[in-house]
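**Student:**
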Amino acid sequence: WTEELTRIIIVRVNEFQMSEPREAELRIKIEEFLEIAIAELEEGFEEENKGSVGGFLKRGVASVTDVFGLMREKTPEITESIIIFIKDPENKELAKDFLIDKMEEYSDSTFSEIDYSLFDFILNKHDATEKREAITIIKGKIDSLNNRRTPYSAALFGIIGLLALMIPFSTDFMKAEFTVLTMICGILLAVGVLIPMINIDARISRMEFELMGESIVFIDQVLYFKSKSILEVVWVMITNKKIDVMAVGILLFSFSVLFPVSKLLGSIGYIYSEKLKDNPVIKFLVFKTAKWSMADVMVVAIFMAYIGFTGIISEQLTSLENIALNVDIMTTNASSLQIGFFLFTAFAVLSLMVSHKLQYGGEK
Numbered sequence: 065w066t067e068e069l070t071r072i073i074i075v076r077v078n079e080f081q082m083s084e085p086r087e088a089e090l091r092i093k094i095e096e097f098l099e100i101a102i103a104e105l106e107e108g109f110e111e112e113n114k115g116s117v118g119g120f121l122k123r124g125v126a127s128v129t130d131v132f133g134l135m136r137e138k139t140p141e142i143t144e145s146i147i148i149f150i151k152d153p154e155n156k157e158l159a160k161d162f163l164i165d166k167m168e169e170y171s172d173s174t175f176s177e178i179d180y181s182l183f184d185f186i187l188n189k190h191d192a193t194e195k196r197e198a199i200t201i202i203k204g205k206i207d208s209l210n211n212r213r214t215p216y217s218a219a220l221f222g223i224i225g226l227l228a229l230m231i232p233f234s235t236d237f238m239k240a241e242f243t244v245l246t247m248i249c250g251i252l253l254a255v256g257v258l259i260p261m262i263n264i265d266a267r268i269s270r271m272e273f274e275l276m277g278e279s280i281v282f283i284d285q286v287l288y289f290k291s292k293s294i295l296e297v298v299w300v301m302i303t304n305k306k307i308d309v310m311a312v313g314i315l316l317f318s319f320s321v322l323f324p325v326s327k328l329l330g331s332i333g334y335i336y337s338e339k340l341k342d343n344p345v346i347k348f349l350v351f352k353t354a355k356w357s358m359a360d361v362m363v364v365a366i367f368m369a370y371i372g373f374t375g376i377i378s379e380q381l382t383s384l385e386n387i388a389l390n391v392d393i394m395t396t397n398a399s400s401l402q403i404g405f406f407l408f409t410a411f412a413v414l415s416l417m418v419s420h421k422l423q424y425g426g427e428k
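Going from the sequence shown to my numbering is simple: count from 1 and add 64.
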């Protein structure tokens, strides 16, 4: 705001021109002000010098010299001097500096002090001198990383798709093959819970309105943004001081991380140990925890949450656009599912297929 208002003040002061009608009107106002000021000065002088010999002498001298009458006669000359002073270009700069100083003074007294240490750290990290330059640099780096990531992502999901097609149509698997499939599921699970699964992003892409005849534009104002992985959500819940939130965090960790990991470890034991094949705990972990890990339920829940958040945010942003008066607002719902969601989904699907194959397909 300080930056925008400073720009408006500079433009307005630079554009200020004393037209003849405005000058005539201003001249009348100045003369009226001077007449009132002289009358108040004379009245105050008379009041101050009553009741004393010295005051009597001062009033006598003022009466003989008609000092206040002379001041009234000089009113047009004083008015002209004030007009010339106002029109002087050097005094425009003084007026600008005065207004900007006052605005900054009011800003400092109105707004709380902001900690810019993180802001400055980001500028220094990307060798930028100001915000817009840093944003351009960061967006360029993000685009570069996304372009480099695209072929790897395509190859990764292509391999996952081939595995999903291969498992149901294969007859018997070797122990080593089951081990490799289990390790692949473990990698998908680990990456899926470590990296963000969903971005909730609501922002005002452009807000424009007029102030003092000048257009003020704010771009890319973030209203709400969250991007968290499953483990980050679990950590936030567990470190919360509320018992109910901590309990939900523990349950979420158990069903989305602990049970799936136990199932994968149990699968390795089931494959390589004849004794463990008859162990009821191992059988439960390998063949029954698919119902309890709820990885598939987690996938559906996250997807439905994404749809719900997207709908709610879009509706609220549309309402914001409609209720704004004399303000041009363009909103953006940039919420999106992230690669963590798709990797976790791939884990849920492959894990179910491997368990089914291990239980009913046979193994050499």
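Note that CB positions come from ideal geometry on N, CA and C, so glycine has one too.
Quick check on T246: buried or exposed, where buried means 16 or more other Cβ atoms within 10 Å of its Cβ?
**Tutor:** Position 182 of the sequence shown, counted from the first residue, corresponds to residue 246. Buried is the call here.
**Student:** So, for T139: in the same chain, excluding its five sequence neighbours on each side, which residues have a beta-carbon less than 6 angstroms away from its beta-carbon?
**Tutor:** Within the sequence shown, the letter at position 75 stands for residue 139. Hits under 6 angstroms: E95 and L98.
**Student:** Pull up the distance between the alpha-carbon of S419 and that of V286, whole angstroms please.
**Tutor:** Looking up residue 419 in the sequence shown gives position 355. Looking up residue 286 in the sequence shown gives position 222. If you take the alpha carbons of S419 and V286, they lie about 44 angstroms apart.
**Student:** What does a CB cutoff of less than 6 angstroms around V281 pick up in its chain, not counting 5 residues either side in sequence?
**Tutor:** Mapped onto the sequence shown, residue 281 falls at position 217. Once the five neighbours on either side are set aside, the close Cβ partners of V281 are E272.
**Student:** Quick check on S293: buried or exposed, where buried means 16 or more other Cβ atoms within 10 Å of its Cβ?
**Tutor:** Numbered from 1 along the sequence shown, position 229 holds the residue referred to as residue 293. Its Cβ being crowded by 16 or more others within 10 Å, S293 is buried.
**Student:** DSSP three-state label for A218, please.
**Tutor:** Translated into positions along the sequence shown, residue 218 becomes position 154. In the structure shown, A218 sits in a helix (DSSP, three-state: H, G or I).
**Student:** Taking three-plus beta-carbon pairs below 8 angstroms as touching, is the region 302-319 in contact with the region 217-231?
**Tutor:** No, the region 302-319 does not touch the region 217-231.
**Student:** Can you find the residues in the same chain that come closer than 7 angstroms, C-beta to C-beta, to K333, ignoring five residues on each side of it along the sequence?
**Tutor:** Here the question's residue 333 lines up with position 269 in the sequence shown. Reading the sequence as shown, one finds Gly at residue 333 and not Lys. So the qualifying residues of the chain are L340 and I346.
**Student:** Among I202, L414 and K122, which residue has its Cα nearest to the Cα of I223?
**Tutor:** On the sequence shown, residue 223 is found 159 positions in, with the first residue counted as 1. Of I202, L414 and K122, the residue nearest in Cα terms is L414.
**Student:** Which of the three DSSP states, helix, strand or coil, is assigned to M247?
**Tutor:** Within the sequence shown, residue 247 is the residue found at index 183, counting from 1. Looking at M247 - three-state DSSP - the assignment turns out to be helix.
**Student:** Return helix, strand or coil for I403, following the three-state DSSP convention.
**Tutor:** The count along the sequence shown starts at 1 and reaches residue 403 at position 339. Three-state result, I403: helix.
**Student:** By Cβ distance, which residues of its chain are closer than 6 angstroms to K421, with the 5 residues on each side in sequence left out?
**Tutor:** For the purposes of this step, residue 421 is taken as residue 357 along the sequence shown, with counting starting at 1. For K421, where only same-chain residues beyond five positions count, the Cβ hits under 6 angstroms are I231.
**Student:** Run through DSSP, which three-state label would M310 get?
**Tutor:** Reading the sequence shown from its first residue, position 246 is the one you call residue 310. Three-state result, M310: helix.
**Student:** Locate the alpha helix (DSSP H) running through A398, then write down its first and last residues.
**Tutor:** Here residue 398 refers to the residue found at position 334 of the sequence shown. Taken as a continuous stretch (DSSP letters only), A398 belongs to no alpha helix (DSSP H), as it is neither H nor E.
**Student:** According to DSSP, K290 sits in a beta bridge with which residue or residues?
**Tutor:** Sequence index remark: in the sequence shown, residue 290 carries index 226 (1-based). Per DSSP, I264.
**Student:** Alpha carbons only, please: which of R213, T409 and R86 is nearest the one belonging to L252?
**Tutor:** Here the question's residue 252 lines up with position 188 in the sequence shown. Of the candidates R213, T409 and R86, the one whose C-alpha sits nearest the C-alpha of L252 is T409.
**Student:** Using the Cα positions of E89 and R136, report the straight-line distance between them to the nearest angstrom.
**Tutor:** Mapped onto the sequence shown, residue 89 falls at position 25. Mapped onto the sequence shown, residue 136 falls at position 72. Approximately 19 angstroms between the Cα atoms of the pair.
**Student:** Skipping 5 residues on each side, what residues in its chain have a beta carbon closer than 8 angstroms to that of V193?
**Tutor:** Within the sequence shown, residue 193 is the residue found at index 129, counting from 1. Correcting the residue identity first, residue 193 is Thr in this sequence and not Val. Excluding sequence neighbours, T193 sits near L187.
**Student:** If we call anything under 9 angstroms between Cβ atoms a contact, is L328 one with G256?
**Tutor:** To locate residue 328, count along the sequence shown from 1; it is residue 264. To locate residue 256, count along the sequence shown from 1; it is residue 192. No, these two residues do not count as a Cβ contact at 9 angstroms.
**Student:** Alpha carbon to alpha carbon, what distance is there between T129 and D161?
**Tutor:** Locating residue 161 in the sequence shown gives position 97, counting from the first residue. Locating residue 129 in the sequence shown gives position 65, counting from the first residue. When rounded, the distance between both Cα atoms is 42 angstroms.
**Student:** With DSSP as the reference, identify every bridge partner of F319, one or two as the case may be.
**Tutor:** By one-based count along the sequence shown, residue 319 stands at place 255. Partner(s): none; F319 has no beta bridge.
**Student:** Quick one: measure Cβ to Cβ for S320 and V350, integer angstroms, because I've assumed they're closer than 8 angstroms.
**Tutor:** As a working note, residue 320 is residue 256 in the sequence shown. As a working note, residue 350 is residue 286 in the sequence shown. Not really, about 18 angstroms apart at Cβ, beyond 8 angstroms.
**Student:** Given a cut-off of 9 angstroms, decide if E296 and P260 are closer than it, judged by their beta-carbon atoms.
**Tutor:** For the purposes of this step, residue 260 is identified with residue 196 of the sequence shown, where counting begins at 1. For the purposes of this step, residue 296 is identified with residue 232 of the sequence shown, where counting begins at 1. In this structure, E296 lies closer than 9 angstroms to P260 by Cβ.
**Student:** Would you grab the beta carbon distance between R91 and I147 for me? Rounded to a whole angstrom, and I think it's under 8 angstroms.
**Tutor:** Translated into the one-based positions of the sequence shown, residue 91 becomes position 27. Translated into the one-based positions of the sequence shown, residue 147 becomes position 83. So it is a contact: roughly 6 angstroms between Cβ atoms.
**Student:** Can you list, in chain order, the residues of its chain whose CB lies under 7 angstroms from that of I142, leaving out five sequence neighbours each side?
**Tutor:** Here residue 142 is taken as the residue at index 78 of the sequence shown, counted from 1. Within the same chain, I142 has close Cβ partners L98.
**Student:** Measure the alpha-carbon distance for I403 versus L158 and round it to whole angstroms.
**Tutor:** As a working note, residue 403 is residue 339 in the sequence shown. As a working note, residue 158 is residue 94 in the sequence shown. Near 57 angstroms, if we compare the C-alpha coordinates of L158 and I403.
**Student:** Could you please give the first and the last residue of the uninterrupted alpha helix (DSSP H) stretch that includes N188?
**Tutor:** Here residue 188 refers to the residue found at position 124 of the sequence shown. Start and end: S181 to K189.
**Student:** Among I335, G124 and L258, which has the Cα closest to the Cα of M238?
**Tutor:** Counting from one through the sequence shown, the residue named residue 238 turns up at place 174. Of the candidates I335, G124 and L258, the one whose C-alpha sits nearest the C-alpha of M238 is I335.
**Student:** Beta-carbon within less than 6 angstroms of F406's beta-carbon, same chain only, minus the 5 sequence neighbours each way: which residues are those?
**Tutor:** Residue numbering aside, residue 406 sits at position 342 when the sequence shown is read from its first letter. Answer for F406: no residue qualifies.
**Student:** What separation, rounded to the nearest whole angstrom, lies between the Cα atoms of I307 and M301?
**Tutor:** The count along the sequence shown starts at 1 and reaches residue 307 at position 243. The count along the sequence shown starts at 1 and reaches residue 301 at position 237. Taking the straight line from one Cα to the other gives about 9 angstroms.
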